[in-house]
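Residue numbers (the numbering used here), protein chains in the order written: chain H, 237 to 579; chain D, 237 to 579. Idealized CB from N, CA, C, for every residue including glycine. Below is one structure; the comments refer to it alone.
There are 2 protein chains.
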Amino acid sequence: MKALTSRSARRRRDATIYEVARHAGVSIATVSRAQRNAGVVAPATRARVDQAVAELNYRPNRLGRSLARGHHDATGIVFPDLSGPYYSSVILGFEDASAAEGQSVLILATHGRRGSGDLVLDLADRTDGLVLFGQTVGDDIVEELDRRRVPLVLLARPTHGEADSVGAENRASARALTFHLLEHGYRQIGFIGDPDGSPDVGERWLGYGDAHRAVGRETPGPVVSGFRTADGARAATALLSQADRPDAVVCANDEIAMGVLEAARAARLSIPDDLAVTGWDDIPAARHLAPPLTTVRQPMLDLGRRAAELLRDRISTHRIEPRHELLPTELVIRSSCGCTPST
Amino acid sequence: MKALTSRSARRRRDATIYEVARHAGVSIATVSRAQRNAGVVAPATRARVDQAVAELNYRPNRLGRSLARGHHDATGIVFPDLSGPYYSSVILGFEDASAAEGQSVLILATHGRRGSGDLVLDLADRTDGLVLFGQTVGDDIVEELDRRRVPLVLLARPTHGEADSVGAENRASARALTFHLLEHGYRQIGFIGDPDGSPDVGERWLGYGDAHRAVGRETPGPVVSGFRTADGARAATALLSQADRPDAVVCANDEIAMGVLEAARAARLSIPDDLAVTGWDDIPAARHLAPPLTTVRQPMLDLGRRAAELLRDRISTHRIEPRHELLPTELVIRSSCGCTPST
DNA sequence: GCGGGTAGTGAAAGCGCTTACATCACGCTC
DNA sequence: GAGCGTGATGTAAGCGCTTTCACTACCCGC
Numbered sequence: 237m238k239a240l241t242s243r244s245a246r247r248r249r250d251a252t253i254y255e256v257a258r259h260a261g262v263s264i265a266t267v268s269r270a271q272r273n274a275g276v277v278a279p280a281t282r283a284r285v286d287q288a289v290a291e292l293n294y295r296p297n298r299l300g301r302s303l304a305r306g307h308h309d310a311t312g313i314v315f316p317d318l319s320g321p322y323y324s325s326v327i328l329g330f331e332d333a334s335a336a337e338g339q340s341v342l343i344l345a346t347h348g349r350r351g352s353g354d355l356v357l358d359l360a361d362r363t364d365g366l367v368l369f370g371q372t373v374g375d376d377i378v379e380e381l382d383r384r385r386v387p388l389v390l391l392a393r394p395t396h397g398e399a400d401s402v403g404a405e406n407r408a409s410a411r412a413l414t415f416h417l418l419e420h421g422y423r424q425i426g427f428i429g430d431p432d433g434s435p436d437v438g439e440r441w442l443g444y445g446d447a448h449r450a451v452g453r454e455t456p457g458p459v460v461s462g463f464r465t466a467d468g469a470r471a472a473t474a475l476l477s478q479a480d481r482p483d484a485v486v487c488a489n490d491e492i493a494m495g496v497l498e499a500a501r502a503a504r505l506s507i508p509d510d511l512a513v514t515g516w517d518d519i520p521a522a523r524h525l526a527p528p529l530t531t532v533r534q535p536m537l538d539l540g541r542r543a544a545e546l547l548r549d550r551i552s553t554h555r556i557e558p559r560h561e562l563l564p565t566e567l568v569i570r571s572s573c574g575c576t577p578s579t
Numbered sequence: 237m238k239a240l241t242s243r244s245a246r247r248r249r250d251a252t253i254y255e256v257a258r259h260a261g262v263s264i265a266t267v268s269r270a271q272r273n274a275g276v277v278a279p280a281t282r283a284r285v286d287q288a289v290a291e292l293n294y295r296p297n298r299l300g301r302s303l304a305r306g307h308h309d310a311t312g313i314v315f316p317d318l319s320g321p322y323y324s325s326v327i328l329g330f331e332d333a334s335a336a337e338g339q340s341v342l343i344l345a346t347h348g349r350r351g352s353g354d355l356v357l358d359l360a361d362r363t364d365g366l367v368l369f370g371q372t373v374g375d376d377i378v379e380e381l382d383r384r385r386v387p388l389v390l391l392a393r394p395t396h397g398e399a400d401s402v403g404a405e406n407r408a409s410a411r412a413l414t415f416h417l418l419e420h421g422y423r424q425i426g427f428i429g430d431p432d433g434s435p436d437v438g439e440r441w442l443g444y445g446d447a448h449r450a451v452g453r454e455t456p457g458p459v460v461s462g463f464r465t466a467d468g469a470r471a472a473t474a475l476l477s478q479a480d481r482p483d484a485v486v487c488a489n490d491e492i493a494m495g496v497l498e499a500a501r502a503a504r505l506s507i508p509d510d511l512a513v514t515g516w517d518d519i520p521a522a523r524h525l526a527p528p529l530t531t532v533r534q535p536m537l538d539l540g541r542r543a544a545e546l547l548r549d550r551i552s553t554h555r556i557e558p559r560h561e562l563l564p565t566e567l568v569i570r571s572s573c574g575c576t577p578s579t
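Printed below as a string of structure tokens:
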């Protein structure tokens, strides 16, 4: 039983600008000016203010400041959820660039749940601008945000209204990747992923079709699947039990590819001899899988950074013409496609 | 050359409570009450207010509200960086639990850079409370935060001052894991990781020593290494070139273990026959490595959720006695330790 | 018929800042 | 020596809410 009487449960009230002003014998306007190095303040006065600030341990209240200035100094980023290295890396890039500009970042995961639209709208009221990731919310929300003149950048999502957008190149890389598989001589190449599930996957699906068309082959339909490893394993299990099973699959992302690897192992299929597999994203684990995964690298940090920069520009300059950026991706050939590693 | 004249670059000024009041023919106090279902408002009045709100598309300004009420309805979480599934999962859990309570979450990555202390202090001014992850900031900052009476929960970091703490069990599991290796009959078990780099790893190192001591063996010194895969590969390369190389290594986390796998492959060592390897965290890729990694599962989402709950409780109840929670971990035996998979 | 609750509402005082504008004392210029 | 630009500071009006307190009806019981 410790005596708690000497400890206060209440958060100590911080000193206000009024107390500093009184302490320094000046007006609050002068304190404000001295504090922010704005306007003219005589050196001697500044010194007195500084001393008062130090003695009272004064820090300006952010809410008061924000209310007076009319902005938050904060931006928000909305993503489906944080699992998987892809989202977390993009967010890290976003945070990094934002912090460098003194902007705080608020995160909101929609988890694909209903009602997240309201949460996004609410987030807009707490920030100066938003970046919206892929299919987190419907176009209705984007439109509402647009109507409210919320500075917006769409990440890995086609442009809409006046919002900026940033994305990674998908279609051409998917075409090249599929072409690579075709050159290996595989006779049937499947696609696992949901072309309607996200704009990125839709593009990859298109590129996959492009390659088939380029060599005069018919494009097999996609095996629709979620994004997780378990989804990939499930889809692959179904696919591999077919009479006419493919001898190669391009997966919408690395997680799905991991699931395919797992299913193949369970079916005692050898990769890539019995089945070639490719992924997308080049997550850190990709090079350590068995076999190392052929995939496509996305500049995840840069996606986040660039989104932060566009958003910042849009907020501070009131720019209105939408800007759209497509970052390059890179084919990463390892051995799951049938190539033999150079090392 | 599109005419932009009809489009305004300025964010439209939102309706204020004054306009709603005028529109509905009531006072702002009544609007405020009606809006928040606080206090008594006659049904007819409420209806008029609601209509005015709808017509003007009014949404209360969060800054005004926060300033008046004296809190932010937001909390912050500080982490070293977001890379790796561990941090992102914990943050996801934190976000999830916070969002459920209507709290926004601000994130701050320290990236281990200098001067992050000030950023953390600044974050404290933008939020109602903070959770601090592992070794993100020094004790001086924790103390300053404590002094400012900022509600604080320490995550995967030993308690300090009056802050709450949440962590996962490390020592006993590390002991069990090492013991398991010992039972396999390995004659020399190494440890890769930095016991001083994070409190968690320090505990794991202790448990590793416990097991050695329990069987009357001397504990080899740790091979100090960073957290990344590349760090692990580097450490392993050095370790494996020793004359008296170990026949098993326990790694401080799964990423390091992946690096060891890579180094072993390069050295044409077979896992687990020539070298047994264990990790920590059970990241999603762990079960898909070659061979599947024996590791220890941490309840990452729960760590984040629990931190959010403790923080929330501390903020809203002004509780002052520190609370400390240790979440259980679980040994996950796969095949990198020398076991043969049951399937 | 009168005192006293009570439901409903409004006036106004904050919350802690920023900033436009007013003020004042100097030191110049012509 | 009158007029004036200028540097330094203060006054006060916001920013958009919440909340206390006072006030007005109105209804009730005795």
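In chain order, what residues of the same chain lie with their CB nearer than 7 Å to the CB of residue i, ignoring the 5 residues before and after it?
i	result
SER263 of chain D	ALA257
GLY320 of chain D	GLU491
HIS307 of chain D	ASP364
Helix, strand or coil for residue i? Go by DSSP, reduced to three states.
i	result
VAL451 of chain D	coil
GLY312 of chain D	strand
ALA274 of chain D	coil
ALA251 of chain H	coil
ALA472 of chain D	helix
SER434 of chain H	coil
ALA260 of chain D	helix
ALA479 of chain H	coil
VAL460 of chain D	coil
MET237 of chain D	With a pLDDT of 39 at MET237 of chain D, under the threshold of 50, the modelled position of that residue is not reliable, and no figure is offered here.
THR266 of chain D	helix
THR363 of chain D	coil
THR595 of chain H	Not covered by the structure: residue 595 of chain H. The range shown for chain H is 237 to 579.
THR579 of chain D	For THR579 of chain D, the predicted structure reports a pLDDT of 47, less than 50, and the residue's modelled location is therefore unreliable. The matter cannot be settled from this model.
ARG295 of chain D	coil
SER574 of chain H	In the sequence on display, residue 574 of chain H carries Gly and not Ser. Three-state result, GLY574 of chain H: coil.
Excluding the 5 residues preceding and the 5 following residue i in the sequence, name in chain order all residues of the same chain whose CB lies nearer than 6 Å to its CB.
i	result
GLY403 of chain H	ALA392 and LEU562
ALA469 of chain H	GLY495, GLU498 and ALA499
GLY443 of chain H	ARG407, ALA410 and ARG411
ALA484 of chain H	LEU417, TYR422, ILE425 and ALA512
PHE415 of chain H	ALA447
THR372 of chain D	VAL314, PRO316 and THR346
Please list, in chain order, all residues of the same chain as residue i whose beta carbon is under 8 Å from its beta carbon, the five residues on each side excluded.
i	result
GLN534 of chain D	TYR322, ALA404, TRP516, ASP517, ASP518, LEU563 and THR565
ASP538 of chain H	GLY329 and LEU563
LEU476 of chain D	ALA499, ALA500, ALA503, LEU505 and LEU511
ARG284 of chain H	ALA260, GLY261 and VAL262
PRO482 of chain H	TYR422, GLN424, ILE425, GLY426, PRO456, LEU475 and LEU511
ARG555 of chain D	ASP549
So residue i contacts chain D; which residues on that side make the cut at Cβ distance below 8 Å?
i	result
ALA345 of chain H	LEU328, GLU331, ASP332 and ALA335
LEU368 of chain H	The contacting residues do not exist; LEU368 of chain H stays about 16 Å from chain D at best.
For residue i, which residues does DSSP report across the bridge?
i	result
ALA493 of chain H	DSSP output for ALA493 of chain H lists no bridge partner at all.
VAL485 of chain H	H:GLY426 and H:VAL513
Would you mind telling me which residues of chain H sit closer than 9 Å to residue i, beta carbon to beta carbon, in chain order?
i	result
ALA526 of chain D	HIS524, LEU525, ALA526 and PRO527
Going along chain H in order, which residues have a C-beta closer than 7 Å to the C-beta of residue i?
i	result
GLU561 of chain D	Within 7 Å Cβ-Cβ: nothing; GLU561 of chain D doesn't reach chain H, min ~20 Å.
ARG411 of chain D	By Cβ distance, chain H contributes nothing, its closest Cβ being about 27 Å from ARG411 of chain D, past 7 Å.
ARG477 of chain D	Here the sequence assigns Ser to residue 477 of chain D, which means Arg is not the residue at that position. Result: empty, since nearest Cβ-Cβ is about 18 Å, beyond 7 Å.
THR530 of chain D	Those do not exist, as THR530 of chain D stays about 15 Å from chain H at its closest Cβ, beyond 7 Å.
Name the chain H residues whose beta carbon is nearer than 8 Å to that of residue i?
i	result
GLU419 of chain D	Result: empty, since nearest Cβ-Cβ is about 26 Å, beyond 8 Å.
THR391 of chain D	First, the amino acid is wrong: residue 391 of chain D is Leu here, not Thr. Residues of chain H passing the Cβ test: none, with the nearest at roughly 16 Å.
GLY300 of chain D	LEU303
Can you pull the chain D neighbours of residue i, defined as C-beta to C-beta under 7 Å?
i	result
VAL341 of chain H	LEU342 and ILE343
Checklist entry - Fully enclosed by the stretch 367-426 of chain D, which beta strand (DSSP E) runs are 3 residues long or longer? => result 388-391 and 400-404
Item to check | Ordered list of alpha helix (DSSP H) runs contained in the stretch 500-572 of chain H, each at least 4 residues | outcome: With a minimum length of 4 residues, the continuous alpha helix (DSSP H) runs that stay inside the stretch 500-572 of chain H are 536-553.
Next on the checklist: Which complete beta strand (DSSP E) runs does the stretch 306-357 of chain D hold, if anything under 3 residues is left out?
Outcome noted: 310-315 and 340-345
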